[in-house]
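Below is one structure; the comments refer to it alone.
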Amino acid sequence: MTLEELLNQAKAIPSIPRVVSEVTAELDRDDPDARRIAELVATDPGLTARLLKLANSAFFGLTRQIDSVAEAITVLGFNHLRTLVHAVALGSSFREVPGVNLEQFWRYSLNTAKICRPLARSLKLPEGAAFTAGLVHAVGDLVMHIGMPDVVAKIDWRVSPFDMKRAEVERSVLGYTYADVSAAFAQRWDFPDTIVTALRHQLVPFEGDIYEPLAGVVHMASWRARAQEMNLDRAAMAATFPDVVAILLGLSLETVLDKDPQEWTSAGELAAFLH
1 MTLEELLNQA KAIPSIPRVV SEVTAELDRD DPDARRIAEL VATDPGLTAR LLKLANSAFF
61 GLTRQIDSVA EAITVLGFNH LRTLVHAVAL GSSFREVPGV NLEQFWRYSL NTAKICRPLA
121 RSLKLPEGAA FTAGLVHAVG DLVMHIGMPD VVAKIDWRVS PFDMKRAEVE RSVLGYTYAD
181 VSAAFAQRWD FPDTIVTALR HQLVPFEGDI YEPLAGVVHM ASWRARAQEM NLDRAAMAAT
241 FPDVVAILLG LSLETVLDKD PQEWTSAGEL AAFLH
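If you want it as structure tokens, here you go:
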């Protein structure tokens, strides 16, 4: 199945509400407008209801009830709001995916996003865009499992979705990878061009005329999150470390490991994506 055929086949996948892309664009500004964000979210009653439900869940452990999006922004902050908005949208778009352990998938994706943020900060790149790109960088894998489950099941049998060689096998079998599909869907969902470009070039961020540091951040963060999923020890991480990308970003193995989250993604955080 060609990429175009896959995208046509997957048209049944719900589009992320336009308000999510608008909120993302506002959050990516140097000085996000909390009032504007609250107004945007309020235009989608379903998103508002789920957002408030999550904000009042046991995970955040707040001592008082949050009754409005504006209050949620004040109490939780922009970073938590970004995660919750995307969790609500993505969780509703991908409720069931054949052959995919969604708990593991979202744990890996959220870990990637968490690593993207400090890496971007160290390189003076936009942290919010980096987090979003990291969170959605592999949604193409879900689309592929939905659009052609039998074909992808054979690829899964050959190589784990989290294996470092996964994209290489996909390209050899299909002629494209999850990164191409992720970029196509981010574009369909009206995500900012900076994020679409980062997803499109995440596997090879520096080649020929291509020089995409944000894609390099996603590349590095996804490598680290894969290593975490596969329980690689330091020697194995050193052996698989993406040296070329690291050199061009001015990073070392120690620098990347220094950006590990204080806490890797927990079951409580995943609840937003799974329920």
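Taken in order, the sequence shown gives residues 1 to 275; the numbers are from UniProt numbering.
Cβ coordinates follow ideal geometry from the N, Cα and C atoms, glycine included.
Since this is a predicted model, take the numbers as computed values, not measurements.
Option in the options with minimal Cα separation from residue i
i: residue 283; options: Asn8, Lys165, Val136 and Tyr176; result: Residue 283 cannot be examined here, being either before or after the span of the chain that is shown, 1 to 275.
i: Asp260; options: Val159, Arg18 and Arg117; result: Arg117
i: Ala34; options: Thr63, Ala72 and Phe105; result: Ala72
i: Glu4; options: Ser182, Phe191 and Gly128; result: Ser182
i: Val196; options: Ala133, Leu119, Lys53 and Ala239; result: Ala133
i: Asn231; options: Pro17, Leu90, Gly147 and Phe162; result: Phe162
i: Val85; options: Ala236, Val173 and Val41; result: Val41
i: residue 282; options: His145, Pro192, Gly175 and Trp264; result: Since the first and last residues shown for the chain are 1 and 275, residue 282 lies out of range.
i: Thr255; options: Thr265, Trp264, His137 and Ala238; result: Ala238
i: Gly91; options: Phe105, His80 and Gly99; result: Phe105
i: Pro149; options: Gly99, Gly175 and Thr74; result: Gly99
i: Leu203; options: Met1, Ala246, Leu6 and Val151; result: Ala246
i: Tyr211; options: Ala25, Arg234, Leu249 and Thr240; result: Leu249
i: Met1; options: Ser57, Gly175 and Val244; result: Gly175
i: Ala25; options: Thr194, Arg234, His201 and Glu263; result: Thr194
Whole-angstrom distance between residue j and residue i, CA atom to CA atom
i: Pro205; j: Leu251; result: 14 Å
i: Ala167; j: Gln187; result: 20 Å
i: Ala236; j: Leu253; result: 12 Å
i: Leu27; j: Leu76; result: 14 Å
i: residue 278; j: Leu270; result: Beyond the ends of the chain as shown, which are 1 and 275, falls residue 278; an answer cannot be given.
i: Tyr178; j: Ser122; result: 27 Å
i: Arg29; j: Trp189; result: 19 Å
i: Arg36; j: Val23; result: 9 Å
i: Arg171; j: His80; result: 35 Å
i: Asp67; j: Thr74; result: 12 Å
i: Asp209; j: Asn56; result: 48 Å
i: Ala267; j: Glu103; result: 8 Å
i: Val151; j: Gln65; result: 47 Å
i: residue 294; j: Val20; result: With the chain represented from 1 up to 275, any question about residue 294 goes unanswered, as that position is not in the structure.
i: Pro213; j: Val244; result: 13 Å
i: Leu257; j: Glu127; result: 18 Å
i: Thr265; j: Met144; result: 25 Å
i: His201; j: Asp180; result: 8 Å
i: Leu240; j: Asp233; result: Reading off the sequence shown, one finds Thr at residue 240, where the question assumed Leu. So the alpha carbons of these two residues sit roughly 11 Å apart.
Coarse secondary structure for residue i, derived from DSSP in three states
i: Phe206; result: strand
i: Tyr178; result: helix
Anticipated Cβ contact below 8 Å, residue i with residue j, distance rounded
i: Val69; j: Thr83; result: Their Cβ separation, rounded to whole angstroms, is 15 Å, which puts Val69 and Thr83 out of contact at 8 Å.
i: Gly140; j: Phe185; result: 7 Å
i: Val97; j: Leu142; result: 5 Å
i: Val159; j: Val169; result: 5 Å
i: Leu125; j: Val88; result: With a Cβ gap of about 26 Å, Leu125 and Val88 do not count as contacting.
i: Phe78; j: Pro45; result: Phe78 to Pro45, Cβ: 22 Å. No contact.
i: Leu119; j: Ala130; result: 7 Å
i: Tyr108; j: Glu229; result: 5 Å
i: Gly147; j: Leu6; result: 5 Å
i: Leu199; j: His137; result: 6 Å
Cβ of residue i within 7 Å of any chain D Cβ
i: Glu5; result: Note that chain D does not occur in the displayed structure, where there is just one protein chain.
Stretch-stretch touch, CB-based, cutoff 8 Å, three pairs: the region 111-131 with the region 223-230 = yes
Any chance the region 211-219 sits against the region 151-163, with 3 or more Cβ pairs inside 8 Å?
-> no
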